[in-house]
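Note that the protein sequences, when read in sequence, are chains H and Z.
Going by the working numbering, the letters in the first sequence line up with residues 26 to 134, in that order.
Going by the working numbering, the letters in the second sequence line up with residues 30 to 145, in that order.
For every residue, glycine included, the Cβ atom is placed at its ideal position computed from N, Cα and C.
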Amino acid sequence: RKEVEQDPGPFNVPEGATVAFNCTYSNSASQSFFWYRQDCRKEPKLLMSVYSSGNEDGRFTAQLNRASQYISLLIRDSKLSDSATYLCVVNRGGNDMRFGAGTRLTVKP
Amino acid sequence: GAVVSQHPSWVICKSGTSVKIECRSLDFQATTMFWYRQFPKQSLMLMATSNEGSKATYEQGVEKDKFLINHASLTLSTLTVTSAHPEDSSFYICSASIGERIDGYTFGSGTRLTVV
């Protein structure tokens, strides 16, 4: 079993839709959690950190459930520019980051 | 913010040759740098952790004699793919860290290696 699991998608949604991605992790000692965005043939870029209390950044909301070892990302009012692969990233501590395989999102006009 | 420069962006080489990839932290000193590899439609896989002035720590299954890592200064780490084969063709990405951080860190722009 992979340490960080994501639904690979693809998710194809119309502009303006709300879409949610899920991620599970197996190492219960994991310390911090992130969502990264990766465009085709580019490096990943940090989208947002994920906190236990849940956090929001504009149209993006991230949730963490430590008991279930589950992380989510919600995107509201999808834009064409949101099309990308979203990576769930888990820090096991000491800069040891583990990446999910990513969920591909395509937002269509 | 922290900037990590990586080059070359892409390289095509013949089987059996060696390729060197550089990763530089431009506006900070990176005590630790990380090298990842990503095959198409797969996740980033950590290859090795590079600490300035000491030997790199390789992940299980990564051949240290094939993927030579040098971190001679606080701003530069290099990855050399020796005797490259077509199966080494991949997207190689570095990232750098300032000491012990628990927040997300910055990646280089990646190097697309094609071995023919």
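Could you have a look at D64 of chain H and say whether DSSP puts it in helix, strand or coil?
Reduced to three states, the DSSP call for D64 of chain H is coil.
Starting from L73 of chain Z, trace the beta strand (DSSP E) in both directions and tell me its first and last residue.
L73 of chain Z -> no beta strand (DSSP E), and no H or E assigned at all.
My understanding is that I122 of chain Z touches L73 of chain Z, with C-beta atoms under 8 Å, so please give their C-beta distance in whole angstroms.
With 8 Å as the limit, I122 of chain Z and L73 of chain Z qualify as a contact, their Cβ atoms being about 7 Å apart.
Tell me which residues share the same chain as P16 of chain H and place their Cβ nearer than 6 Å to its Cβ, disregarding the 5 neighbours each side in the sequence.
With chain H running from 26 to 134 in the structure shown, residue 16 of chain H is simply not present.
Find out if the Cβ-Cβ distance for the pair L181 of chain Z, W39 of chain Z is shorter than 8 Å.
Nothing can be reported for residue 181 of chain Z, as the shown portion of chain Z is limited to 30 through 145.
Can you tell me which of the three DSSP states K43 of chain Z falls into?
Looking at K43 of chain Z - three-state DSSP - the assignment turns out to be coil, as it is neither helix nor strand.
Helix, strand or coil for L55 of chain Z, going by three-state DSSP, please let me know.
L55 of chain Z: coil per DSSP, three-state reduction.
Can you list, in chain order, the residues of its chain with a C-beta nearer than 7 Å to that of T143 of chain Z? Leave out the 5 residues immediately preceding and following it.
Excluding positions up to five away in sequence, the list reads I41 and S118.
If contact means a Cβ-Cβ distance below 8 Å, which residues of the segment 63-83 of chain H contact chain Z?
Going along the segment 63-83 of chain H in chain order, one finds R66, K67, E68, P69, K70, L71 and S74 with a Cβ nearer than 8 Å to chain Z.
With distances taken between CB atoms, is the gap from T128 of chain H to F46 of chain H smaller than 8 Å?
In this structure, F46 of chain H lies closer than 8 Å to T128 of chain H by Cβ.
If you draw a straight line from the C-alpha of P35 of chain H to the C-alpha of T110 of chain H, how long is it?
Cα to Cα, the separation comes out at about 9 Å.
Can you tell me whether F85 of chain H sits near the ligand PLP, meaning its C-beta is under 7 Å from at least one heavy atom of the ligand?
The ligand PLP is absent from the structure shown, which contains no ligand whatsoever.
Let me see if you follow: with CB-CB separation under 8 Å, is G82 of chain Z close to chain H or not?
With 8 Å as the cut-off, G82 of chain Z does not count as an interface residue toward chain H.
I'd like to check one pair, T61 of chain Z with S79 of chain Z: are the Cβ atoms closer than 8 Å?
Result yes, Cβ atoms of S79 of chain Z and T61 of chain Z sit closer than 8 Å.
So that I know if they touch, is there some Cβ in chain H lying closer than 8 Å to that of F136 of chain Z?
True, the Cβ-Cβ gap to chain H drops below 8 Å.
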